[in-house]
Every structure is written in C-alpha cells, then in structure tokens.
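The block underneath contains the structure these notes are about, expressed in structure tokens.
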Amino acid sequence: MSIQIVPIFDDNYVFILPFEGLAWVIDPGDPIKVSQYLQAHGLQLDAILQTHHHWDHTDGAVALKEKYPSCVVYTPYFQKGRYPVSTHMLKEGDQLNFAGWNFTVMQTPGHTYDHISYYDINRKVLFCGDTLFNMGCGRVFDGSYEQLFLSLQKIKALPDDVQVYCTHEYTLANINFVKSVSISPELLAFEKNCLQKRKQGLYTIPFTLGENKKLNPFLLASDKETFTELRQQKDRRS
Ligand code: ZN
Ligand code: FE
Numbered sequence: 001m002s003i004q005i006v007p008i009f010d011d012n013y014v015f016i017l018p019f020e021g022l023a024w025v026i027d028p029g030d031p032i033k034v035s036q037y038l039q040a041h042g043l044q045l046d047a048i049l050q051t052h053h054h055w056d057h058t059d060g061a062v063a064l065k066e067k068y069p070s071c072v073v074y075t076p077y078f079q080k081g082r083y084p085v086s087t088h089m090l091k092e093g094d095q096l097n098f099a100g101w102n103f104t105v106m107q108t109p110g111h112t113y114d115h116i117s118y119y120d121i122n123r124k125v126l127f128c129g130d131t132l133f134n135m136g137c138g139r140v141f142d143g144s145y146e147q148l149f150l151s152l153q154k155i156k157a158l159p160d161d162v163q164v165y166c167t168h169e170y171t172l173a174n175i176n177f178v179k180s181v182s183i184s185p186e187l188l189a190f191e192k193n194c195l196q197k198r199k200q201g202l203y204t205i206p207f208t209l210g211e212n213k214k215l216n217p218f219l220l221a222s223d224k225e226t227f228t229e230l231r232q233q234k235d236r237r238s
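1 is the number of the first residue of the sequence shown in the numbering used here; add one for each residue after it.
Laid out in structure tokens, this is it:
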C-alpha cells in the first residue's frame, strides 16, 4: 500500500493512492500540482474522493475531470451546483474498493454539514479531511458544534492504531493552544517530536489516533457543552 502526500497552498495536503498506473486522489484543491504529480509518475487519474465542499479541497476537480474524463468523482450528498463534476454521491456505510483499499464512508458532519471521511478498517487508515486535526479539530462552518462533537466521538471509537490523514498541517499551532489549556510532560514530548519533524521538512501527518485520544482536548471533551466551549475558546485565539 502506498499513500503519497502532495503539499499544496500554505498548509493543505492532497493524498494520492497509486496502483499499477492508476491513481485515486483525495481532496485535490490544486489541479496543477496534482496533474504534475500524476504526469511525473506516469499515473492515470481513476477517481477523485472529496471530503467536503470547501474550495481548498475541491478546486482542482473540474480541471482534472476535464483532463481525465473517465475518472469518477465521489462526493458527499450535496446541494445543487456544489460539486459540479460529481459522479457518485456517498452516504454512511457506502463501500469503495481500489487496489486492495476497502473504504467505508463515514458521515462526519460539523466542520461542514456535508463532511464525510473514508476509513479502511483492514489497513487502519482514515482520511478525515477537516474533521479531526493532529491535536485539534476543524472549525464549525455550516455544520453545528453538536455534529462536530459527535463526529469526533465516532472517530474516537476507532482503534488506537489507526493512522489519521487530515488535510492541514496545523499541528504546531494546535499544540500551542493545547498548552494553554492543559500542559503535561507527554504533551511537551509530543511537541518536541513534531518540532523536530517540521525542522527536518517532514510532515506531522499521518498521526496515530491513540496518541491523540490521550492528548487532544477536542477528543477528550466529555460532553458537547465542554466541547463547544473549548472550540469557541480556540476560535477566539486564532
Ligand atoms: Zn474545510
Ligand atoms: Fe480545509
């Protein structure tokens, strides 16, 4: 199994799953970077998977579909016009198979009302878009705090050894916020590790779900009121 990470914009990641000359691409916000990658590696785009409708995740879809007309475009259920090149609308429990991947669609609303995640139960890999971040979580846009709380609880119920691929490199800023809420030796060790990675030009994604279950206050929040208060506190900081 191979997951390639292509950084785009200031802090977004596109994930590419290559297999025998074909590729699946998750959240291609930038068509140029994705096309360049596919060409350089001799890959034909087979499918686009979208987690939610924000432009930094979807802006490449139209141009890529034009360039690779046979590619399918998996999206959440949507309002008219939101995903102009969608070919398949997905809902909770839908299955997608490719190259040994076996994704189950999880509805994870909150950041947006339509947000979905892709989970491979055998490979223990989760693509969760802007729902859970390393030591943080997405902001609430057109979803609700309650939805986001429940979506994070749903992710929290997955095994500890799941590798989480979220779409933004927000980890160090997230840790700064967490330090202001609850500081611990484990958190400082985690921060040191992430700082080292960033200094070496490495990503802090993917991350292990189990570590975040212990340290990420958005996963630790015991009820939706606590969660909402925490999320709003973070909104006021950044
Ligand atoms: Zn977003
Ligand atoms: Fe985003």
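We treat Cβ as the ideally placed atom computed from N, Cα and C, and that holds for glycine.
- Sequence-distant partners of residue 82 (beyond 5 residues in either direction) whose C-beta falls short of 6 Å from its own C-beta, in its chain, are 53.
- For residue 117, the uninterrupted beta strand (DSSP E) segment begins and ends at 116 to 120.
- Ligand 1 approaches residue 52 closely enough that one of its heavy atoms is under 8 Å from the residue's Cβ.
- For the pair residue 11 and residue 109, the Cα-to-Cα distance works out to about 22 Å.
- In the DSSP assignment, residue 228 falls within the alpha helix (DSSP H) that extends over 224 to 237.
- In the structure shown, residue 62 adopts helical secondary structure according to DSSP, grouped into three states.
- Secondary structure note for residue 103: its beta strand (DSSP E) is the uninterrupted segment 101 to 107.
- Taking every protein chain shown into account, the CB of residue 34 has 16 or more other CB atoms within 10 angstroms, so this residue is buried.
- Here residue 48 is not near residue 127, since their CB atoms are 9 Å or more apart.
- With at least 16 other beta carbons inside 10 angstroms of its own, residue 135 counts as buried.
- Judged by their CB atoms, residue 59 and residue 30 are nearer to each other than the 9 Å cut-off.
- When only Cα atoms are considered, residue 164 and residue 114 end up about 20 Å apart.
- Scanning 85, 206 and 74 for the CA closest to the CA of residue 63 turns up 85.
- Assigned with DSSP and collapsed to three states, residue 131 falls in coil, not helix or strand.
- Counting C-beta pairs closer than 8 Å gives fewer than three between the region 181 to 189 and the region 144 to 151, which falls short of the contact rule.
- By DSSP's assignment, residue 74 forms a beta bridge with 49 and 88.
- If you draw a 10 Å sphere on the C-beta of residue 40, you find fewer than 16 other C-beta atoms in it, and that means exposed.
- Rounded to whole angstroms, the gap between the alpha carbons of residue 32 and residue 172 is 28 Å.
- With a contact defined as Cβ atoms closer than 8 Å, residue 105 and residue 87 miss out at about 15 Å.
- Counting C-beta atoms within 10 angstroms of its own C-beta, residue 229 has fewer than 16 neighbours from the protein chains shown and is therefore classed as exposed.
- One Cα belongs to residue 215, the other to residue 191, and the distance between them is close to 11 Å.
- Residue 121 and residue 159 have their C-alpha atoms roughly 9 Å apart.
- By alpha-carbon distance to residue 14, the top candidate from 42, 61 and 20 is 61.
- In the three-state scheme derived from DSSP, where H, G and I count as helix and E and B as strand, residue 210 is classed as helix.
- Residue 136 is bridged by DSSP to 133.
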